[in-house]
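Protein chains in written order, with the working numbering: chain E, 458 to 741; chain G, 2 to 286; chain Z, 38 to 452. The beta carbon of each residue, even a glycine, is placed where N, CA and C say it ideally should be.
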Amino acid sequence: MGRRLADLFHGRPRLQVGTLLAGPVGWLVIGYLGSLVIILITAFWGVNALSGELERNFTLDNFQTIVEEPVYRTIAGRTIAIAALVTVTDALLAFPIAFYMAKVASNRMKSVLVVAVLLPLWSSYLVKVYAWRTILSSGGILNEVLDPFGINGPGYGNVAVWLVMSYLWLPFMIIPIYAGLQRIPDSVISASEDLGASPWTTFRRVILPLAFPAVVAGSIFTFSLTLGDYITPALVSNNQFIGNVVYANIVNNQPLASAFVMVPVAVMIIYLLIARKLGAFEHL
Amino acid sequence: MRLSRRSQWFLRAGVGLTLAFIYIPLLVILIYAFNAGKTLSWPPDGLTLDWFGKAVDNSGARDAFVTSIKAATAATLIAIVLGTLASLAVSRFRFFGRETISFLVLIPIALPGIVTGLAINDTFTQILGVDLSLFTVIVGHATFCIVLVYNNVVARLRRVSTSLEEASADLGADPWQTFRRVTFPSMRTALVAGALLAFALSFDEIIVTRFTIGADLETLPIWIYNNLFRSNQLPIVNVVAVIVIVISVIPVYFANKLSQDVGGGGGRAGGAKPEPVAAESTAVP
Amino acid sequence: MRSKGGNPAKVAWLVIAGLLVFMLAFAAGCGSDDSTTADESSAPTEVGAPEGEVNLIGWAGYAEDGSTDPKVDWVTDFEKESGCNVNFKVAGTSDEMVELMRTGQYDGVSASGNATARLVEGGDVAPVNTDLVPNYATVFDDLKDQPYNTFDGVNYGIPHGRGANVLTWNTEAAPDIDGSTWAPLLDPEVASQYKGKLSVYDDPIYIADAALWLKAHQPDLGIDNPYELDEEQFNAAVDLLKQQRPNVGEYWSDFAKQISSFANGDVDVGTTWQYQYFTLKGEGDPVASTPASGGFLPEEDATGWSDTWMISNEAAHPNCMYLWMNHIISPEANAKVAAWFGEAPAQSKACPEFKNLDSAYFALPNQCEAYNADNPEFWKRVYYWETPLADCGDDRGDVCMDYNDWVSAWTEIKG
Numbered sequence: 458m459g460r461r462l463a464d465l466f467h468g469r470p471r472l473q474v475g476t477l478l479a480g481p482v483g484w485l486v487i488g489y490l491g492s493l494v495i496i497l498i499t500a501f502w503g504v505n506a507l508s509g510e511l512e513r514n515f516t517l518d519n520f521q522t523i524v525e526e527p528v529y530r531t532i533a534g535r536t537i538a539i540a541a542l543v544t545v546t547d548a549l550l551a552f553p554i555a556f557y558m559a560k561v562a563s564n565r566m567k568s569v570l571v572v573a574v575l576l577p578l579w580s581s582y583l584v585k586v587y588a589w590r591t592i593l594s595s596g597g598i599l600n601e602v603l604d605p606f607g608i609n610g611p612g613y614g615n616v617a618v619w620l621v622m623s624y625l626w627l628p629f630m631i632i633p634i635y636a637g638l639q640r641i642p643d644s645v646i647s648a649s650e651d652l653g654a655s656p657w658t659t660f661r662r663v664i665l666p667l668a669f670p671a672v673v674a675g676s677i678f679t680f681s682l683t684l685g686d687y688i689t690p691a692l693v694s695n696n697q698f699i700g701n702v703v704y705a706n707i708v709n710n711q712p713l714a715s716a717f718v719m720v721p722v723a724v725m726i727i728y729l730l731i732a733r734k735l736g737a738f739e740h741l
Numbered sequence: 002m003r004l005s006r007r008s009q010w011f012l013r014a015g016v017g018l019t020l021a022f023i024y025i026p027l028l029v030i031l032i033y034a035f036n037a038g039k040t041l042s043w044p045p046d047g048l049t050l051d052w053f054g055k056a057v058d059n060s061g062a063r064d065a066f067v068t069s070i071k072a073a074t075a076a077t078l079i080a081i082v083l084g085t086l087a088s089l090a091v092s093r094f095r096f097f098g099r100e101t102i103s104f105l106v107l108i109p110i111a112l113p114g115i116v117t118g119l120a121i122n123d124t125f126t127q128i129l130g131v132d133l134s135l136f137t138v139i140v141g142h143a144t145f146c147i148v149l150v151y152n153n154v155v156a157r158l159r160r161v162s163t164s165l166e167e168a169s170a171d172l173g174a175d176p177w178q179t180f181r182r183v184t185f186p187s188m189r190t191a192l193v194a195g196a197l198l199a200f201a202l203s204f205d206e207i208i209v210t211r212f213t214i215g216a217d218l219e220t221l222p223i224w225i226y227n228n229l230f231r232s233n234q235l236p237i238v239n240v241v242a243v244i245v246i247v248i249s250v251i252p253v254y255f256a257n258k259l260s261q262d263v264g265g266g267g268g269r270a271g272g273a274k275p276e277p278v279a280a281e282s283t284a285v286p
Numbered sequence: 038m039r040s041k042g043g044n045p046a047k048v049a050w051l052v053i054a055g056l057l058v059f060m061l062a063f064a065a066g067c068g069s070d071d072s073t074t075a076d077e078s079s080a081p082t083e084v085g086a087p088e089g090e091v092n093l094i095g096w097a098g099y100a101e102d103g104s105t106d107p108k109v110d111w112v113t114d115f116e117k118e119s120g121c122n123v124n125f126k127v128a129g130t131s132d133e134m135v136e137l138m139r140t141g142q143y144d145g146v147s148a149s150g151n152a153t154a155r156l157v158e159g160g161d162v163a164p165v166n167t168d169l170v171p172n173y174a175t176v177f178d179d180l181k182d183q184p185y186n187t188f189d190g191v192n193y194g195i196p197h198g199r200g201a202n203v204l205t206w207n208t209e210a211a212p213d214i215d216g217s218t219w220a221p222l223l224d225p226e227v228a229s230q231y232k233g234k235l236s237v238y239d240d241p242i243y244i245a246d247a248a249l250w251l252k253a254h255q256p257d258l259g260i261d262n263p264y265e266l267d268e269e270q271f272n273a274a275v276d277l278l279k280q281q282r283p284n285v286g287e288y289w290s291d292f293a294k295q296i297s298s299f300a301n302g303d304v305d306v307g308t309t310w311q312y313q314y315f316t317l318k319g320e321g322d323p324v325a326s327t328p329a330s331g332g333f334l335p336e337e338d339a340t341g342w343s344d345t346w347m348i349s350n351e352a353a354h355p356n357c358m359y360l361w362m363n364h365i366i367s368p369e370a371n372a373k374v375a376a377w378f379g380e381a382p383a384q385s386k387a388c389p390e391f392k393n394l395d396s397a398y399f400a401l402p403n404q405c406e407a408y409n410a411d412n413p414e415f416w417k418r419v420y421y422w423e424t425p426l427a428d429c430g431d432d433r434g435d436v437c438m439d440y441n442d443w444v445s446a447w448t449e450i451k452g
């Protein structure tokens with residue numbers, strides 16, 4: 458049987474490719490992408506305010522609203538800014554521990570650390586955010602700790618969202634950077650040192666450039682997960698993010714929700730294009 | 002790499018701080034699992050073990066846990082299959098639209114969860130006319146899990162030279178044998194890494210799940226979401242979270258062990274099997 | 038194994054693209070969400086055999102089965118008697134309820150007025166044959182055939198109970214408040230004393246609360262029905278809420294979130310339901326609410342709700358749903374839910390039941406009197422949640438803001 462298949466496939470690379478791709482591409486393009494396109498098309502439609510039914514007449518009103526009303530620009534700007542901030546924060550937090558795991562830790566320590574880093578992924582997202590709510594509340598742990606110093610904690614708000622999101626997506630940044638650093642052969646680093654570079658110079662001119670694509674790879678997750686989230690902003694702040702507006706409108710005014718959703722879609726596509734240019738796709 | 006005492010100290014401090022950052026909120030969850038009061042006020046009203054008993058008794062929590070395991074397992078398996086297929090195609094062939102595949106698989110996870118959820122919901126209820134059920138949840142999860150497996154495997158396959166596979170073919174093995182004995186072992190650890198991430202993501206996913214689950218079913222995140230509403234059950238939620246974390250140490254540890262066995266340590270010469278290690282160190286990024 | 042794909046691959050992509058276009062045409066032609074407007078004849082004429090389960094959507098606390106407090110339960114006996122297992126999904130806002138009902142996966146919902154009209158218009162609910170619900174006969178008259186549950190003369194639901202949105206405050210942190218006015222929330226000057234400590238309901242319908250305030254304090258605007266606002270009145274209400282925004286500590290739709298915020302001291306005054314107030318009191322927190330002595334209303338009156346159990350057009354378990362509807366307005370069950378949630382019962386025969394309830398229900402022995410269950414005059418001061426329509430319903434014509442305007446404005450207010 459294996460022989461027959463082998464003969465069938467032999468010399469027919471397109472058939473091989475086709476068979477390999479039929480499953481994933483079939484579902485993704487037809488089942489997923491197709492619906493996505495349909496949803497995005499509804500952005501050009503109107504809606505009956507009472508029944509929520511879509512009125513299929515072409516209109517640019519929704520896009521007009523998003524562009525002209527300042528609140529949507531504010532919300533989009535806020536979401537993107539915090540997504541960027543979270544990404545940078547996570548990169549900074551992840552690098553030391555990823556480096557330690559990849560280059561310094563013993564094999565046993567490495568195992569322990571990998572488990573330690575992955576473990577938080579297994580605790581419920583909601584429970585983690587609620588724990589942060591407790592920590593950040595005005596009678597909460599953070600304020601208690603800071604009280605003797607006379608400082609007030611950030612409470613709820615944009616700062617809280619930044620903190621919590623940085624916390625939530627950190628493992629998604631640590632693992633790719635760890636994998637990327639692992640791939641840098643020790644010989645390269647030794648060579649750099651043998652040539653007389655200080656550890657800092659080695660880091661700056663050898664390790665960092667080699668690891669950068671991995672950082673970008675991790676950033677794809679931190680950025681996109683922040684861009685689309687609506688639960689965390691609702692739980693630790695009063696400010697709306699793109700996800701909140703979409704969620705609020707999806708029942709009554711799906712065209713508006715669809716139109717607004719084009720923003721993170723466009724942002725992510727641009728981000729992915731840049732990431733690919735930087736070689737991140739090799740490091741995901 | 003030789004580091005000065007100072008650099009080492011800084012590095013360790015950085016690691017310690019990051020670990021503290023990661024685990025303090027988890028400690029808070031742990032404390033509240035013993036909370037005697039019913040609301041989330043700080044400091045907790047008192048400590049009790051009652052909630053542990055109640056959590057284990059709670060049939061809703063148990064059912065939800067089982068449902069989540071089922072969904073995550075199935076979704077991961079599908080993601081493994083589809084992700085491997087796609088990555089084999091992309092790394093071993095050249096064809097029109099090859100670059101697009103990487104984009105395609107990334108989109109479900111790159112777009113906001115609501116959009117993915119809505120799209121899959123639409124596909125099933127509007128276009129296919131299928132009712133929502135565990136099946137639709139699994140399909141939904143698999144859709145965004147594919148990328149996690151795909152990315153890991155494709156990265157590995159790109160670095161593993163094809164000379165071994167060609168040699169295998171030259172020696173008379175058919176494609177399936179070549180895959181089973183040459184390709185698969187070399188990508189196994191990447192597969193495990195991807196599968197682990199996929200499982201974790203599926204297990205904890207809530208947004209897409211809300212759009213794809215039937216009315217009578219609950220995954221663990223949905224159960225938690227529903228029970229966070231009922232403040233009297235709040236401590237049970239914390240207990241459940243703690244139990245899940247504790248249980249999950251086991252599979253994570255074993256999966257990690259598995260990926261270590263085949264010299265997944267990378268970069269280190271000697272000691273491990275020469276075959277995959279050589280492939281990794283010769284392919285400089 | 039490496040080779041070039043070339044044309045056949047292109048063909049494959051073209052095929053996929055073609056399939057996509059076909060799908061789009063199919064979907065476009067097929068139409069969006071199903072929209073079958075129910076006709077009068079779709080209400081059943083008899084209740085058949087129970088189907089074994091029923092899927093409900095409702096407000097928190099509307100279907101307690103003993104899991105919150107073992108003594109608080111009006112579901113388990115229903116399940117035993119009818120053989121219908123109850124699956125209850127808690128929703129935080131009317132929007133959520135509408136969204137869930139539109140999936141067609143639920144049998145019924147306890148809808149407030151800002152959901153009922155939309156559900157009927159969207160064809161998501163079916164008319165109700167009240168003859169099949171024996172307990173309906175003894176429901177208070179002023180709940181029957183109301184504009185929020187009867188459309189074009191056709192009855193679409195069974196009244197559940199009604200209540201007002203109450204003002205709750207922390208007596209230690211805000212000792213100056215006495216519950217006589219909404220000023221701490223809606224008067225910009227007074228509200229700024231509690232900057233960052235206000236708790237406001239996160240739903241566009243809250244604009245009506247601002248309109249109600251303006252009705253009392255800016256009578257020149259001529260606001261009568263806070264849900265039917267023309268542009269000038271609407272903008273005034275929206276402006277008021279924008280002034281409130283800097284003082285808001287949180288917008289809540291998850292009642293547990295609000296409870297924990299009060300308990301933590303994150304908020305000190307806000308608009309809540311009796312349910313949260315009772316829970317906070319039960320926990321020993323220093324809270325007070327607009328007093329029963331004042332009829333639970335500040336001087337500017339209040340918005341509120343009158344909830345209706347509606348049955349889905351696609352109910353998989355219609356018989357169980359009818360049995361549930363009859364059960365929830367049966368004297369004992371209606372008394373229990375009214376006491377537990379803190380609202381006026383719909384069932385007139387529930388009134389004698391309150392004094393028999395377990396203390397776990399926090400029931401007032403004279404709950405009916407205290408909550409004005411049999412006092413239609415009182416309810417003229419409570420403006421039940423309604424769906425804002427473009428048609429003002431009076432001589433102004435079609436100039437009022439519709440629900441989508443309210444939703445957009447709410448997004449603007451929250452910023």
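Through-space distance from E:Trp589 to G:Val67, alpha-carbon basis: Numbered from its first residue, the second sequence carries residue 67 of chain G at position 66. Numbered from its first residue, the first sequence carries residue 589 of chain E at position 132. G:Val67 and E:Trp589 have their C-alpha atoms roughly 27 Å apart.
Taking the Cβ atom as the reference point for each residue, do Z:Ser349 and Z:Met138 lie within a distance shorter than 8 Å? One-based indexing of the third sequence puts residue 349 of chain Z at position 312. One-based indexing of the third sequence puts residue 138 of chain Z at position 101. Yes, the Cβ-Cβ distance between Z:Ser349 and Z:Met138 is below 8 Å.
Does G:Ala280 come within less than 8 Å of chain Z when only Cβ atoms are used? Numbered from 1 along the second sequence, position 279 holds the residue referred to as residue 280 of chain G. Unreliable positioning characterises G:Ala280 in this predicted model, as indicated by a pLDDT of 27, which lies under 50. The coordinate reading is nonetheless provided below. The Cβ of G:Ala280 sits no closer than 8 Å to any Cβ of chain Z.
Just checking, does the region 717-727 of chain E make contact with the region 680-687 of chain E on the three C-beta pairs under 8 Å criterion? These segments touch.
Can you grab the Cα-Cα spacing for the pair E:Tyr489 / G:Val116, in whole Å? If you number the first sequence from 1, residue 489 of chain E lands on position 32. If you number the second sequence from 1, residue 116 of chain G lands on position 115. Between E:Tyr489 and G:Val116, the alpha-carbon positions lie close to 10 Å from each other.
Relative to chain Z, which residues along the region 503-528 of chain E have a C-beta separation below 8 Å, given in chain order? Result list: Val504, Asn505, Ala506, Leu507, Ser508, Gly509, Glu510, Leu511, Arg513, Thr522, Glu526 and Val528.
Cβ-based neighbour list, G:Phe11, same chain, cut-off 8 Å, excluding 5 preceding and 5 following: The residue labelled residue 11 of chain G in the question sits at position 10 within the second sequence. Nothing listed; no residue qualifies.
Hey, Z:Glu265 and Z:Cys429 are a contact pair by Cβ (cut 8 Å); roughly how many whole angstroms apart? Residue 265 of chain Z sits at position 228 when you count from the first residue of the third sequence. Residue 429 of chain Z sits at position 392 when you count from the first residue of the third sequence. The Cβ separation is near 5 Å, so the contact holds.
Where Z:Asp338 and Z:Asn202 are concerned, what is the direct C-alpha to C-alpha distance, given to the nearest angstrom? Against the third sequence, residue 338 of chain Z aligns to sequence position 301. Against the third sequence, residue 202 of chain Z aligns to sequence position 165. Computed Cα separation, rounded: 10 Å.
Under 7 Å Cβ-Cβ, which residues of chain E neighbour Z:Ala154? Against the third sequence, residue 154 of chain Z aligns to sequence position 117. Under the 7 Å cutoff, chain E gives Leu507.
Taking Z:Trp443 as the reference, give the member of Z:Gly452, Z:Asp431 and Z:Leu426 with the closest Cα. In the third sequence, the residue the question calls residue 443 of chain Z occupies position 406. The shortest Cα separation from Z:Trp443 among Z:Gly452, Z:Asp431 and Z:Leu426 belongs to Z:Leu426.
Compute the Euclidean distance between the alpha carbons of E:Asn701 and E:Ala691, then round it to the nearest angstrom. Here residue 701 of chain E corresponds to residue number 244 of the first sequence, with the count starting at 1. Here residue 691 of chain E corresponds to residue number 234 of the first sequence, with the count starting at 1. Their backbone Cα atoms lie some 8 Å apart in a straight line.
Is there a Cβ from chain Z that is less than 8 Å from the Cβ of G:Asn227? Counted from its first residue, the second sequence places residue 227 of chain G at position 226. It does: the Cβ of G:Asn227 has a partner Cβ on chain Z nearer than 8 Å.
Considering Z:Asp344, what are the terminal residues of the beta strand (DSSP E) in which it resides? For the purposes of this step, residue 344 of chain Z is taken as the residue at position 307 of the third sequence. Note, Z:Asp344: beta strand (DSSP E), Ala339 to Ser349.
Under 8 Å Cβ-Cβ, which residues of chain Z neighbour G:Asp175? Within the second sequence, the letter at position 174 stands for residue 175 of chain G. None at all; the shortest Cβ gap to chain Z is about 13 Å.
Those residues which DSSP pairs with Z:Tyr421 across a bridge: Position 384 of the third sequence, counted from the first residue, corresponds to residue 421 of chain Z. Residue pairing by DSSP places Z:Tyr421 opposite Z:Gly341 in a beta bridge.
Which stretch, first to last residue, makes up the beta strand (DSSP E) that contains Z:Trp289? Counting from one through the third sequence, the residue named residue 289 of chain Z turns up at place 252. Element bounds for Z:Trp289: Val285 to Trp289.
Taking only beta-carbon atoms, is Z:Val444 less than 8 Å away from chain G? Within the third sequence, numbered from 1, the residue matching residue 444 of chain Z stands at position 407. Cβ-Cβ to chain G under 8 Å: no for Z:Val444.
Report the three-state DSSP secondary structure of G:Arg95 (helix, strand or coil). Locating residue 95 of chain G in the second sequence gives position 94, where the first residue counts as 1. Assigned with DSSP and collapsed to three states, G:Arg95 falls in strand.
For a cutoff of 8 Å on Cβ pairs, would you count E:Leu729 as touching chain G? On the first sequence, position 272 is the one that residue 729 of chain E refers to. Residue contact check for E:Leu729 against chain G: a CB pair falls below 8 Å.
Can you find a C-beta in chain E that's less than 8 Å from the C-beta of G:Trp43? If you number the second sequence from 1, residue 43 of chain G lands on position 42. It does; some Cβ of chain E falls within 8 Å.
Can you give me the C-alpha to C-alpha distance between Z:Thr105 and Z:Lys126, rounded to a whole angstrom? Locating residue 105 of chain Z in the third sequence gives position 68, where the first residue counts as 1. Locating residue 126 of chain Z in the third sequence gives position 89, where the first residue counts as 1. The straight-line gap from Cα to Cα measures roughly 14 Å.
Closer than 8 Å to chain E by CB, G:Pro26: Taking the second sequence and counting its residues from 1, the one referred to as residue 26 of chain G is at position 25. For G:Pro26, the answer is yes, since a Cβ of chain E falls inside 8 Å of its Cβ.
Give, in chain order, every residue of the region 271-286 of chain Z whose Cβ lies closer than 7 Å to some Cβ of chain E. Of all residues in the region 271-286 of chain Z, only Val285 place a beta-carbon less than 7 Å from a beta-carbon of chain E.
Is the CB of Z:Thr205 under 8 Å away from at least one CB in chain E? As a first step, residue 205 of chain Z is located in the third sequence; it is residue number 168 there, counting from the start. No, Z:Thr205 lies away from the interface with chain E (no Cβ there is under 8 Å from its Cβ).
Which listed residue (Z:Lys232, Z:Val165, Z:Ile94 and Z:Leu93) has its alpha carbon closest to that of Z:Thr82: Residue numbering aside, residue 82 of chain Z sits at position 45 when the third sequence is read from its first letter. When only C-alpha atoms are compared, the closest one is Z:Val165.
Let me see if you follow: with CB-CB separation under 8 Å, is E:Thr591 close to chain G or not? Mapped onto the first sequence, residue 591 of chain E falls at position 134. Closer than 8 Å to some Cβ of chain G, the Cβ of E:Thr591 qualifies, so yes.
Please state whether DSSP places E:Ala648 in a helix, a strand or coil. To locate residue 648 of chain E, count along the first sequence from 1; it is residue 191. Helix.
Go through the region 263-318 of chain Z residue by residue and report every complete run of the alpha helix (DSSP H) that reaches 4 residues or more, in order. Listed in chain order, they are 268-281 and 292-301.
On the three-state DSSP scale, how would you describe Z:Ser69? Counting from 1 along the third sequence, the entry for residue 69 of chain Z is found at position 32. Residue confidence is low: Z:Ser69 scores 44 on pLDDT, short of 50, so the model does not pin down where it sits. No coordinate-derived value is stated.
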